[in-house]
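Take a look at the structure set out below.
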Ligand code: CA
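Dropping the structure here:
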């Protein structure tokens, strides 16, 4: 999320205020320091564990008076078949045992707190759930593994900068009739091969392979709150930034939410299918807030502990969604760390994108990266280095982009490049470097050098950040659009009102060429490569399919655009010069040229950078609507991109000299000697 309200905030203000008041009255008895001093549990067996000798339930709730577990025969049975009182273990946990393997049963916990029984909850460690996640399920996980799962591996990745990330929503990607996909809006949509649009173009996973991305980043795929899984024909849509059960997949993306194993098996099938295609899977995780406050699974197991509060006892709200979690407390930190590790081990997830990461503290993020790398060195982590409101967590501890140097193995999104290239995200009409607005050149250069210190980049002229906040290009994700805000197509339509779509497509090519040739890691929003739009809707988190679905007929209409993106990605993946790994290499190998005129940047990547076979790459961006002239040194150059066209193998050759650069285009040359 990007500094905007999510679905929770749709509550009428008066109603919200009423809830807050009750909350304060009920919960002011425990102060923040008491909460922080609670004993944390360092084990990984919370929830339910089924072994040879039986079934063990374990819940962490150090302030509870008593705890019981309710065992149900089914997800819908009105009364529990048995209720077992749990025993306190002295380390903040409560335990109950059954002397049999209770596969097929469902369970909830009840916690008594301050002399009052709280509502039933599946707990915070439910790994399998029934419809809408209201009850946890006891299943045999071995039965959820698709064939060949033991041998399943994601792509090996030396550095995050070798990744090309494609951000997609399951429903956007497959639900349109033109997708040709049978299991529309489902995890297993990505297991269908040889699917084509009505016009014969590849869709689904074959489209991803054709495009050449290395990783798909899937929007929230854990169990979220908003879509009613018991009424799927109503075709509700949501991005899913309203977490309910963090450790089980979302039911509406499965073919049968009523069967707890199905969503797990089908998500694994999706991941295996992508891995078999050589594509990694990054999961979008939203530990920074929950869909509910007092009724969240966190609150119903350990009231107040998992959240931060204001001095008056009310929930603080750095998420803009009504609450914020407290990663600075040990048990919440353990929770985040163990949860991502669980997804990495059980589901073979290859990377994690942290929503509103700056709500978390830098220590937690360091632990996340370190412990994930121990499982699989190819795993990478990035996040939004900002919050959506103020937080009690001191600024110096927040996982902000400006604090990225306090973190190891964590990357942040560069809003610098994003806003400078296409215009500010919050002002639809605002233009950027690629659409002819002068004054953003220096900020684009900050993006090109991945926000690292460079002798020719003047950070005092940066629009968003005024200092070189990254110590390494491994810390930066470059992008010009994502699920938040207007799609690039819509942004260009709103900011270039007098232009044609052909002119806007040129601007999109230039914008993405800047992203994909910059140092750091490139990131794109699904469908951009075929000029998809969202009909001008900027916050489409619950808009219908008619807004969000990708119409795959666009691939036919915009075949030229798709081919440009494909070649651009090929160029990047083929040439390590675009993927340097240290700030020192960037400072040494990137040399900016003096140029005349606005909206013009010219630079070279020299010295066979990062082991590239190309001795020098010359890159010129002309974001103006006029032809600009640059002087290219004499040499045997291959023309890679010119006048809105690109080929990784080369379009032509040139000897250099005074050269015209077409309006709104990138000009790229390469020489081997
Ligand atoms: Ca759900």
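Residue numbers (this note's numbering): 1497 to 2169. The beta carbon of each residue, even a glycine, is placed where N, CA and C say it ideally should be.
Short of 6 Å in beta carbon distance, which residues of its chain neighbour residue 2023, apart from the five on each side in sequence? Order them along the chain.
Within the same chain, residue 2023 has close Cβ partners 2046.
Review point. Between the stretch 1693 to 1707 and the stretch 2079 to 2091, do three or more beta carbon pairs fall short of 8 Å?
Key: Per the Cβ contact rule, the stretch 1693 to 1707 is not in contact with the stretch 2079 to 2091 (fewer than 3 Cβ pairs under 8 Å).
_Proximal residues to residue 1692 (C-beta, below 7 Å), its chain only, five neighbours per side dropped_ = Same-chain partners within the cutoff: 1676, 1698 and 1699.
Could you check whether the Cβ of residue 1719 sits closer than 6 Å to any heavy atom belonging to ligand 1? Yes, ligand 1 has a heavy atom inside 6 Å of this Cβ.
* To do: State yes or no: is the C-beta of residue 1538 nearer than 6 Å to some heavy atom of ligand 1?
  => Not so, every heavy atom of ligand 1 lies at least 6 Å from the Cβ.
Under the three-state DSSP convention, the category residue 1740 falls into
Here residue 1740 sits in strand by DSSP.
For residue 2117, count neighbouring C-beta atoms within 10 Å of its own C-beta (all shown protein chains included) and say buried if the count is 16 or more, exposed if not.
Burial call: buried.
Which term fits residue 1983, buried or exposed, when burial requires 16 or more other beta carbons within 10 angstroms of its beta carbon? Per the 10 Å Cβ criterion, buried.
Check whether the stretch 1891 to 1898 and the stretch 1840 to 1847 are in contact - that is, three or more C-beta pairs closer than 8 Å. Verdict: no, contact absent.
Taking a contact to mean a Cβ-Cβ separation below 7 Å, would you say residue 1885 touches residue 1813 in this structure?
Yes; because the gap between Cβ atoms is below 7 Å, this pair is in contact.
For the alpha helix (DSSP H) containing residue 1703, name the first residue and the last one.
Residues 1700 to 1707.
- Task: Spatial neighbours of residue 1752 within its chain, please: CB distance less than 6 Å, with the 5 preceding and 5 following residues excluded, ordered by chain position.
- Result: Same-chain partners within the cutoff: 1758.
Fill in: Residue of 1822, 1623 and 1571 minimising C-alpha distance to residue 1528
Among 1822, 1623 and 1571, the Cα nearest to that of residue 1528 belongs to 1822.
Notebook entry, point to check: By Cβ distance below 6 Å, which residues in the same chain neighbour residue 1498 in space, the five residues on each side in sequence not counted?
Noted result: Low local confidence applies: a pLDDT of 43 at residue 1498 is under 50, so the model's placement there is unreliable, and no value is given.
Quiz item: Assuming residue 1602 and residue 1563 make a contact with CB atoms under 8 Å, what is their CB distance in whole Å?
Solution: Going by Cβ atoms, the distance from residue 1602 to residue 1563 rounds to 17 Å, so no, they are not a contact pair.
Check: Just checking, does the stretch 1632 to 1650 make contact with the stretch 1816 to 1833 on the three C-beta pairs under 8 Å criterion?
Finding: At 8 Å Cβ cutoff, the stretches do not touch.
Should residue 1937 be listed as close to ligand 3, given that the test is whether its C-beta is under 6 Å from any heavy atom?
Ligand 3 is not part of the structure shown, which contains ligand 1 as its ligands.
**Prompt:** According to the neighbour-count rule (16 or more other Cβ atoms, all chains shown, within 10 Å of its Cβ), is residue 1549 buried or exposed?
**Reply:** By the neighbour-count rule (16 or more Cβ atoms within 10 Å), residue 1549 is not buried but exposed.
If you reduce the DSSP assignment to three classes, tell me which class residue 1758 lands in. In this structure, residue 1758 counts as helix in the three-state DSSP scheme.
* Just checking, does the stretch 1853 to 1860 make contact with the stretch 1758 to 1768 on the three C-beta pairs under 8 Å criterion? -> Output reads no: the stretch 1758 to 1768 does not touch the stretch 1853 to 1860.
- Query: Since residue 1941 is in the alpha helix (DSSP H), which residue starts that stretch and which ends it?
  - Reply: Boundaries of the alpha helix (DSSP H) harbouring residue 1941: 1937 to 1944, taken from the DSSP string.
As assigned by DSSP and simplified to three states, the class of residue 1609:
Here residue 1609 sits in strand by DSSP.
_Of the residues 1634, 1818 and 1731, the one placed nearest residue 1672, counting alpha carbons only_ = Nearest to residue 1672 by alpha-carbon distance, out of 1634, 1818 and 1731, is 1731.
Checklist line | Limits of the unbroken alpha helix (DSSP H) element including residue 2060 | finding: 2055 to 2070 is the span of the alpha helix (DSSP H), which, as asked, contains residue 2060.
The alpha helix (DSSP H) with residue 1987 in it runs from where to where? Counting along the chain, residue 1987 sits inside the alpha helix (DSSP H) bounded by residues 1984 to 1991.
Outcome for residue 1582 when other beta-carbon atoms lying within 10 angstroms are tallied against a minimum of 16
Within a 10 Å sphere around the beta-carbon of residue 1582 sit 16 or more other beta-carbons, which makes this residue buried.
Determine the DSSP secondary structure at residue 2141, reduced to helix, strand or coil. Residue state for residue 2141 is assigned as strand, using DSSP reduced to three classes.
Worksheet item: Out of 1801, 1888, 1882 and 1941, which has the shortest C-alpha to C-alpha gap to residue 1536?
Response: For the options 1801, 1888, 1882 and 1941, the alpha carbon positioned closest to that of residue 1536 is the one of 1801.
Check for me: the beta strand (DSSP E) holding residue 2163 runs from which residue to which? For residue 2163, the uninterrupted beta strand (DSSP E) segment begins and ends at 2161 to 2167.
I'd like to confirm something about residue 1746: is its beta-carbon nearer than 6 Å to some heavy atom of ligand 1, or not?
True, at least one ligand heavy atom lies under 6 Å from that Cβ.
Note to self: Can you list, in chain order, the residues of its chain with a C-beta nearer than 6 Å to that of residue 2021? Leave out the 5 residues immediately preceding and following it.
What the structure shows: Same-chain partners within the cutoff: 1663, 1977 and 1978.
| query | Is there at least one non-hydrogen atom of ligand 1 closer than 6 Å to the beta-carbon of residue 1816? | reply | For residue 1816, the shortest separation between its Cβ and any heavy atom of ligand 1 does not lie below 6 Å.
Cβ of residue 2138 less than 7 Å from any chain C Cβ?
You won't find chain C in this structure, because it holds only one protein chain.
Notebook entry, point to check: Is it true that the CB of residue 2115 sits closer than 7 Å to the CB of residue 2065?
Noted result: No. Outside cutoff.
Local conformation of residue 2155 per DSSP, three classes: Strand, per DSSP.
Can you find a heavy atom of ligand 1 that lies under 6 Å from the Cβ of residue 1725? Yes, Cβ of residue 1725 sits closer than 6 Å to a heavy atom of ligand 1.
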